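> Mind having a look at this structure? Questions to follow.
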Amino acid sequence: MELSKNYNPADIENKWYQHWLQKEYFKSQPDKREPFTVVIPPPNVTGVLHMGHTLNETVQDILIRKARMSGHNACWVPGSDHASIATEAKVVGMLKEKGIDKNNLTREEFLKYAFEWKEKYGDIIYSQLKKLGCSVDWDRTTFTMDDHYYKAVIKVFVDLYNKGLVYRGARMINWDPVAKTALSDEEVEYREVTGKLYYIKYMIVDSGQLTVGSENNSDNRQPTTDNFIIIATQRPETIMGDTAVCANPGDERYNHLKGKSVVVPLINKAVPIIFDEYVDKDFGTGILKITPAHDINDYNIGLKHNLAVVDTLNDDGTLSNAAQIYVGQDRFVARKKIVEELKGKGFLAKEEEYQTRLGFSQRTNSVAEPKISTQWFVKMKELGLPALQAVIDGDINIHPGEKFLATYKYWLENVKDWCISRQLWWGQQIPAWYDEEGRFVVAENEEKAKKIFNNQYSTNNVQLKQDEDVLDTWFSSWLWPMEVFKGISKPDNDDINYYYPTSVLVTGQDIIFFWVARMIMAGMEYKKEKPFSDVYFTGMVRDKQGRKMSKQLGNSPDLLELIDKYGADAVRFGIMISSPAGNDLLFDEASLEQGRNFNNKLWNALKLIKLWQGRQSENHTTEAILIAQMNFNPELGMMPMVLPGSLTEENFATEWFEGRLSKVQIEVDILYKQFKLSEALKTIYSLIWDDFCSWYLEWVKPGFEQPIDEHIYNKTVYFFEQLMQLLHPFMPFITEEVYHLLREQTEDLTIKQFEKSEKPNNKILQQGNILKEVITAIRDVRNKNQIKPKEKIKLHIQTRHESNYEDLEYILSKQVNAASISYTNDSIDNSLAIIVNKDKFYIETGKAINTIVQKDQLEKDLEHLKGFLISVEKKLSNERFVKNAKDEVIDLERKKKADAETKIKIIEESLSTL
RNA sequence: GGGAGCAUAGCUCAGUUGGUUUAGAGCAUCUGCCUUACAAGCAGAGGGUCCGCGGUUCGAACCCGUGUGCUCCCACCA
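Each residue of the first sequence is one higher than the one before, counting from 455 in my numbering.
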């Protein structure tokens, strides 16, 4: 079969994925093996996979494939998240484009559209996972709004309510005026913005002369120095909600105002001046307006001083009737107009630029509005304790640990109650049932609710209405590791008992509070056990300038396009090669190119080995002589110095590579255990490219159209198979393809089990290193002296017999293009000399040599060695070093000294002969 | 304001409890090669005050202190 010039991934990747699916390799059922379980962090059904997902899914696939090949029953559960607020926003937008207003739809009609949306985007996500090669068990695909999942969420809500851990109440929450729903604290992102601080004059009145907005002359009353105070605010549009102004009781400037009131400008409402330690005398004007409905601090002060709450905003962020003015106008429009009016009427003392932090809704990017609202909450303190303990005790290991442990602890120790109700339709509807008076009960369905209600309130045949709101999406995803195995809806089933706790959770560090911490809470509450043993946090994927990927910047590549361009293996390689755990990854297409080149390298190595197929020779000796003669250059008129007659010599290459392979197999295993996947990939990459292709294959490569020793051929094929297996978890497609093209196979690589690797022979490895060093040094000399690659040399070795080159001559002569190798005790005239490992190599070219180049090089080496020697001698002449250091260390230094001295001597000898 | 992390070659990063040569890799750069698997390649090379300063030690990229510069998380100063 003719192999193409370059590797073409597209067809091959598709073919193997289909084959794996058909063979059902990714399916998992409980059995006697040890499970290795991963649940996918369910992507939102709002869109397509981005580079962050790609990194996460690749990491998971590597871990799960490695486990599958290591005797585990590997189970990777795929799925998607209904993402209540994000999806609802998208669906509303999509409907708007079609000219449909959500308000004109019934709940049922809307949900129908939402489910259609889910089908469409869920499929896109799943097809991307397939393209990427994710070895998930498709029969276990779970969606957070599946029937069983929905029921599980309701069950948990009811249960927590009955335990007193879920409650309903009026609290200050964060409100999203675009999505028109409550948010949890975690869904608000604070960002630095440049705002303005407005200094507004409030007229002072004695409490006796309160004139509540009735005078027609009030607007014309101009403030003067002694009849007003100045208050700084960022939000002039909320002054209509002021119910007091507040100063610090220790602030002498405002002492005289005790018992007085001020008039809120524009609406002429008198409010009392109160005093509270909370106010910072030194900030702004030292006096603060209190607007309990629109600021958490003001709310708290309001509670303390029994102030009224005047909510001047509607749910959509426009001013409400309570504001009296600019009613119905957007808060930001109203702000501008109010500032203008204040200015016009002389109430604005000054305005200045101000750096501040504003809370934005994570989903709609609108400025979140603090608002008093009746919502449902989860009590977090109690649930948090076991979750904290599990991590502190090391029952759950976080990677990289040092970075996130502190964050995790701090959050759990200071956690506040979680607002879980959302004023949306897309999600699990809250199972609370109300009568007309607003009395309510919580139950799994209407029937049960009625029973409980009738009991509780001694009523009969009451009409109950279910809560309109749905639950926060994270209130469903925190059950994910349990409910994908129906651990909540059908507790104690075979799956949950076998697969739970799962092995490792791979996710972004940005959802440590949203999801990771809460999953641990839910797991501890409902299974009395951690949901996973390890957490592997990946960093954020950024572009190569370090910017976040975003649609606006256009720096977020399309996954499918990348796969089309480079192949899935190359994408996986590119994203893994430079992604140390927990660090941000600067995504650069250049690394995908590197991945593609690596694919091609494998492909070409395959082509080379295929050339040898059918040309194996059983007789080592004869062939070896032939090969040696091929290298013999008749022009130089020399005999081939040593015939590679012994088996040992030929076997050096295979034995050396066997050692390298074992060594790397052991190293890689350790790296997996430490979750250092990118290190593992680098190690395998270098083993394949450098050790296997650049060294080993060159060493065993027969001459043009020459036969190859059968033993070497078989070993080579075996090595290549082992390499493909080692690489398979990272690059599953090409490795499977190469594995099958190498020779007929009865099983697929995907399920081939790793064998235990032998301890490498260190002596041979060391010999290999010396050989490589010698080859490199001679090549360097050839290069520097402009000896053409095709030009043959004669090599004379002056050895101190610490290293034995006889077994290596065959390889050595081939690699440096030497016509002969001989041994000498004297220096060789008209030759280039180099020193490697205290042995001297003379390179004879047959032409006159340029002594200057050589002299320069030798002098440079000499200088370096002398410097080195001085540093070693300094150490050894330090009495305290000799007294205190360990014997091994001193011996080593002595050896270093002796070695350096020997080398210096050899170089000086060489220099003197030049 | 509180906390965490980072700082090593042009870039991205390794560097395992302080001592195997005056620090390693990949990418990029430079030089020479269309050598019969591969120019998406081969052979070779150059490149670093290990952020500054101080300390501990016989010995520091590594430990301690301090300064500087980045990054992230948390927090209710109008």
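Quick reminder that beta carbons are idealized off the backbone N, C-alpha and C, glycines included. For clarity, every value in this text was computed on a predicted model and none was experimentally measured.
Which residues does DSSP list as the beta-bridge partners of Met657?
Phe682 and Val717
> Cβ of Leu583 within 8 Å of Cβ of Tyr567?
no
> Give a yes or no on whether the C-beta atoms belonging to Thr598 and Ser931 are separated by under 8 Å.
Going by C-beta atoms, Thr598 is nearer than 8 Å to Ser931.
> Quick one: complete alpha helix (DSSP H) runs, 4+ long, within the region 960 to 1047?
972 to 980, 1013 to 1020 and 1022 to 1031
> What's the C-alpha gap between Gln1179 and Ser524?
Roughly 11 Å between the two C-alpha positions.
> In whole angstroms, give me the CA-to-CA distance for Ile1124 and Thr992.
19 Å
> Opposite Tyr1277 in the DSSP bridges: which residues?
Ile1251
> Where do the ends of the alpha helix (DSSP H) carrying Met834 lie?
Judged by DSSP secondary structure, Met834 falls within the alpha helix (DSSP H) whose first and last residues are Met834 to Ile846.
> Can the beta-carbon of Ile1029 be found less than 8 Å from the beta-carbon of Leu509?
yes
> Starting from Leu1286, trace the beta strand (DSSP E) both ways and give me its first and last residue.
Leu1286 to Val1290
> Does the beta-carbon of Asp485 have 16 or more other beta-carbons within 10 angstroms, so that it is buried, or is it exposed?
By the neighbour-count definition (other C-beta atoms within 10 Å, threshold 16), Asp485 is an exposed residue.
> Just verifying my parser: in three-state terms, what is the DSSP assignment at Leu742?
strand
> Whole-angstrom Cβ separation of Tyr708 and Ile684, contact assumed at under 8 Å?
Contact flag wrong, Cβ pair sits at about 11 Å.
> Using CA coordinates, which residue listed in Lys1301, Thr818, Val1171 and Gly941 is at the minimum distance from Gly547?
Here the closest residue by C-alpha is Thr818.
> Buried or exposed: Asp948, going by 16 or more other Cβ atoms within 10 Å of its Cβ?
exposed
> Could you give the first and the last residue of the continuous alpha helix (DSSP H) run that contains Leu757?
Annotation for Leu757: the continuous alpha helix (DSSP H) segment containing it runs Ile750 to His759.
> Between the C-alpha atoms of Pro1243 and Glu1227, what's the straight-line distance to the nearest angstrom?
18 Å
> If you reduce the DSSP assignment to three classes, tell me which class Trp830 lands in.
strand
> In terms of DSSP beta bridges, what is Ile727 paired with?
Val699
> Alpha carbon to alpha carbon, how far is Phe801 from Val718? Give it in angstroms, no decimals.
10 Å
> Have a look at the DSSP bridge pairing and note the partners of Leu925.
Ser875
> Measuring CB to CB, does Ile627 end up less than 8 Å from Val502?
no
> Can you find at least 3 beta carbon pairs, one from the region 861 to 868 and one from the region 978 to 987, that sit closer than 8 Å?
no
> When DSSP labels each residue in this structure, what does Ala1107 get in the three-state scheme?
helix
> Looking at the unbroken beta strand (DSSP E) that takes in Met523, where does it start and where does it end?
Segment: none, Met523 is in no beta strand (DSSP E) and carries neither H nor E.
> Just to confirm the assignment, what range does the alpha helix (DSSP H) spanning Ala636 have?
Where Ala636 is concerned, there is no enclosing alpha helix (DSSP H), although the beta strand (DSSP E) it sits in stretches over Thr635 to Leu637.
> Under 8 Å, with one C-beta from each stretch per pair, do the region 520 to 539 and the region 843 to 859 reach the 3-pair mark?
no
> With DSSP as the reference, label Gly798 as helix, strand or coil.
Looking at Gly798 - three-state DSSP - the assignment turns out to be helix.
> Could you tell me whether the region 1205 to 1218 touches the region 1042 to 1051, using the rule of 3 or more Cβ pairs below 8 Å?
no
> Name the residue from Ile654, Asn915, Arg893 and Met694 whose alpha carbon lies nearest to the alpha carbon of Gly798.
Nearest option by C-alpha distance: Ile654.
> Kindly list the residues whose CB is nearer than 8 Å to the CB of Leu1177, restricted to its own chain and excluding five residues on each side of it in sequence; keep chain order.
Leu1115, Ile1138, Leu1141, Ile1142 and Phe1146
> In terms of residues, what are the limits of the alpha helix (DSSP H) holding Asn909?
Glu900 to Tyr911
> Mind checking who Thr956 pairs with in its DSSP beta bridge?
Phe986
> Could you compute how far the alpha carbon of Ile874 sits from the alpha carbon of Met975?
15 Å
> Give the DSSP bridge partners of Arg645, in chain order.
Leu812
> Starting from Asn628, follow the beta strand (DSSP E) in both directions and report where the run begins and ends.
Val620 to Asp630
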